[in-house]
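J.: Chains as they are written, first to last, in the numbering used here: chain A, 1 to 322; chain B, 1 to 322. By construction, the Cβ of each residue, glycine as well, lies at the ideal position given by its N, Cα and C atoms.
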């Protein structure tokens, strides 16, 4: 059975110059859920009728799965420079442990390493996979740009927000599914179902992320509750609240956004306004709709153990507490 | 006849989000010699017997040529962030005109755009071209890392320096030639000759660059003479001087390296030491050897007008004054 963690560990970064490759090894060794390569492998598995990650079709999917994981970690590396984030997965970020230049250059090399893995895709499938991968990578850069643009905009619509997270988060999961399925021989209709499953669980995942920041259980959440509120992050909760509030409530909310001291009170008061406006329910409804859409895709695919895994995953993401 | 400048102008960057694509348009519109795509096209032309950049073989080379130019400009964009360079080709660099984050993200997108062009290479040649392109891109990141490492090293050998510029500069020219020739149907032996031609003109070009910084004619050079001396840049002249000087001369040279005021005097005195040591002649000999090697490759190829162009180019690079 293919073990994605072992496959990542087996990548050799003990190369010169050390200054280029050590930060790559460090980044890829920092764990994470390995969600994207796992999705690619399960998608392939679903198409070859739930071989439990065994067999040639799965072997053939592995380089693309690795490309997706290396690419994802490249985006985190460069995003952390742009966001000046000090910590990632409990460890110092590369630009802190080394410096900005190292993070830029080793990040560039990671993007190239992703394409090196991609070059191992069977030749007859390479042109299509390369096109999809490029489309996915473009969407993510566009999503990151929109995310940065939103920081400086006074008003962002829920639709614009959903388009942004689709590009920044969901498209990568969607193409992981499509590419995995395609390499394993999925029909175009099956590819679409796999793609849409990935897209919808991505949306549900990101919306749940926003909800947990406010309504998560401090005992299980892992991060400080209300971090997004303190930093005025334009989450779907804040955007929904601003879109639906009457003039008086909106003024009160905006007043709190301008408050930069008294963080505890800010979190409590903004949460109270969210409660009055019912934004949790609004956002949960959007999230549940995406989960339902994701699950509906699975009915279009051959039913086997891999599909069962995907069903559980969609339900898990929607009910997760951390 | 294929016009590379027109092909670059025809690329459409009028897309959303503007913050991502405008810096790409700005970078690609800033001119430059278009040396790399031109080499790819001439290499193809040489193989199809000097069709003066006409015909299907040349058309098929165009996407790879564009990929090479976009990739080259991506490296300049990120290098300028790392070097904190304020000006490129007479215009503000992207990180100055916009900011560091824009330069990082638009640079990332340019790298992806290079691969988008590459995906248009004929499917039967794509796997090989993608592998070579990845190898080339890796060499350039490694070369940039060595270049940054050298800044902090007290001693660098001439050999290490030559390996660094081979990776950072020459390999891109070499693969431009190989990829252009390969797409046009070059035999493996012809590909090797094209590759080695590119490699050697790249070496000659970079060494001449170092020489001109000291011995260029201020009237034609365009940059300030002695800029590398002022910044203690480890050029082949400085490295050769340190390698060949006796203890007394070396001490005098090191003394001047530690001098950060009196730049005019520093340039004059270091140049005098270079003259005593004959480093200009040493470096010119290395450069001329590379030019000779480049020219020798051309004898292995079908003789036609394209080869004549390449011969002239190699001689021009070796005798250029700016």
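#1: Of all Cβ atoms in chain A, is any one closer than 8 Å to the Cβ of residue 104 of chain B?
#2: Quick check on residue 156 of chain A: does DSSP put it in helix, strand or coil?
#3: From residue 157 of chain B to residue 128 of chain B, what does the alpha carbon distance come to, in whole angstroms?
#4: Going along the chain, which unbroken runs of the alpha helix (DSSP H) with 4 or more residues stay wholly within the region 19-77 of chain A?
#5: Find out if the Cβ-Cβ distance for the pair residue 171 of chain B, residue 193 of chain B is shorter than 8 Å.
#6: At 9 Å on the CB atoms, spell out the chain A contacts of residue 109 of chain B, in chain order.
#7: Identify, in the order they occur along the chain, each residue of the same chain with its Cβ nearer than 7 Å to the Cβ of residue 73 of chain B, setting aside the five sequence neighbours on each side.
#8: What residues in the region 10-33 of chain A have a beta carbon less than 8 Å from any beta carbon of chain B?
#9: Assuming residue 101 of chain B and residue 82 of chain A make a contact with CB atoms under 8 Å, what is their CB distance in whole Å?
#10: Going straight from the alpha carbon of residue 334 of chain B to that of residue 86 of chain B, what length do you get?
#11: Mind checking who residue 129 of chain A pairs with in its DSSP beta bridge?
#12: Roughly how far, in whole angstroms, is the beta-carbon of residue 226 of chain B from the beta-carbon of residue 210 of chain B, given that I think they are within contact range, below 8 Å?
#13: Verify the contact flag: residue 81 of chain A, CB atom, against every heavy atom of the ligand ATP, threshold strictly below 7 Å.
#14: On the DSSP bridge list, what partners appear for residue 92 of chain B?
#15: Just the Cα atoms here: how many angstroms apart are residue 62 of chain A and residue 244 of chain A?
#16: Give me the residue from B:299, B:230 and B:208 with the minimum Cα distance to residue 282 of chain B.
#17: Looking at C-alpha atoms only, which residue of A:5, A:265 and A:276 is the closest neighbour of residue 237 of chain A?
#18: Checking 8 Å against the spacing of the C-beta atoms, do residue 310 of chain B and residue 42 of chain B come in under that value?
#19: Check whether the Cβ of residue 134 of chain B lies closer than 8 Å to any Cβ atom in chain A.
#20: With a 10 Å radius around its C-beta and 16 neighbouring C-beta atoms as the bar for buried, classify residue 291 of chain A as buried or exposed.
#21: Residue 180 of chain A and residue 67 of chain A - do their beta-carbons sit closer together than 8 Å?
#22: Enumerate in chain order the residues of its own chain whose CB-to-CB distance from residue 59 of chain B is below 8 Å, with the five nearest sequence positions on each side excluded.
#23: Considering just the uninterrupted stretch of the alpha helix (DSSP H) at residue 166 of chain A, what are its terminal residues?
#24: Does DSSP put residue 16 of chain A in a helix, a strand or coil?
#25: Count the CB pairs spanning the region 33-48 of chain B and the region 299-309 of chain B that are closer than 8 Å, and state whether there are at least three.
#26: Along chain B, which residues have their Cβ under 7 Å away from the Cβ of residue 116 of chain A?
#27: Starting from residue 178 of chain A, trace the alpha helix (DSSP H) both ways and give me its first and last residue.
#28: How would you list, in chain order, the residues of chain B whose beta-carbon sits under 7 Å from the beta-carbon of residue 5 of chain A?
#29: By the 10 Å Cβ neighbour count, where 16 or more other Cβ atoms means buried, how is residue 99 of chain B classified, buried or exposed?
#30: Where do the N-terminal and C-terminal ends of the alpha helix (DSSP H) with residue 295 of chain B fall, by residue?
#31: Would you check if the distance between the CB atom of residue 134 of chain B and the CB atom of residue 116 of chain A is smaller than 8 Å?
#32: Can you find a C-beta in chain B that's less than 8 Å from the C-beta of residue 82 of chain A?
#33: Who are the Cβ neighbours of residue 274 of chain A in its own chain at under 7 Å, not counting the five residues just before and after it?
#34: At 7 Å on the CB atoms, spell out the chain A contacts of residue 174 of chain B, in chain order.
#35: Quick check on the DSSP output: the alpha helix (DSSP H) that includes residue 227 of chain A runs from which residue to which?
#36: Quick test of your reading: residue 36 of chain A and residue 173 of chain A, contact by CB under 8 Å. State the CB separation rounded to the nearest angstrom.
T.: Walking through what the data contain:
#1: Answer yes: the Cβ-Cβ gap between residue 104 of chain B and chain A drops below 8 Å somewhere.
#2: coil
#3: 34 Å
#4: 35-47
#5: no
#6: Ordered by position in chain A, the residues that pass the 9 Å Cβ test against residue 109 of chain B are 137, 138, 141, 142 and 145.
#7: 27, 28 and 110
#8: 16, 17, 19 and 20
#9: 4 Å
#10: No answer is possible for residue 334 of chain B: the residues shown for chain B start at 1 and end at 322.
#11: Answer by DSSP bridge pairing: none, since residue 129 of chain A is not bridged.
#12: Actually they do not touch by this definition, with Cβ atoms about 12 Å apart.
#13: In the structure shown, the ligand ATP is absent, as is every other ligand, since no ligand is present at all.
#14: DSSP, once it has assigned bridges, lists B:87 as partnering residue 92 of chain B.
#15: 46 Å
#16: B:208
#17: Closest option to residue 237 of chain A, Cα to Cα, is A:276.
#18: yes
#19: yes
#20: buried
#21: no
#22: The answer, listed in chain order, is 2.
#23: That residue, residue 166 of chain A, is in no alpha helix (DSSP H); it is neither H nor E in DSSP.
#24: Assigned with DSSP and collapsed to three states, residue 16 of chain A falls in coil, not helix or strand.
#25: yes
#26: 134
#27: 171-183
#28: Chain B residues near residue 5 of chain A: none, gap ~24 Å exceeds 7 Å.
#29: exposed
#30: 279-298
#31: If you check the CB distance, residue 134 of chain B and residue 116 of chain A come in under 8 Å.
#32: Yes - at least one Cβ of chain B is within 8 Å of the one on residue 82 of chain A.
#33: 214, 237, 241 and 280
#34: Residues of chain A passing the Cβ test: none, with the nearest at roughly 17 Å.
#35: Start and end: 227-230.
#36: 7 Å
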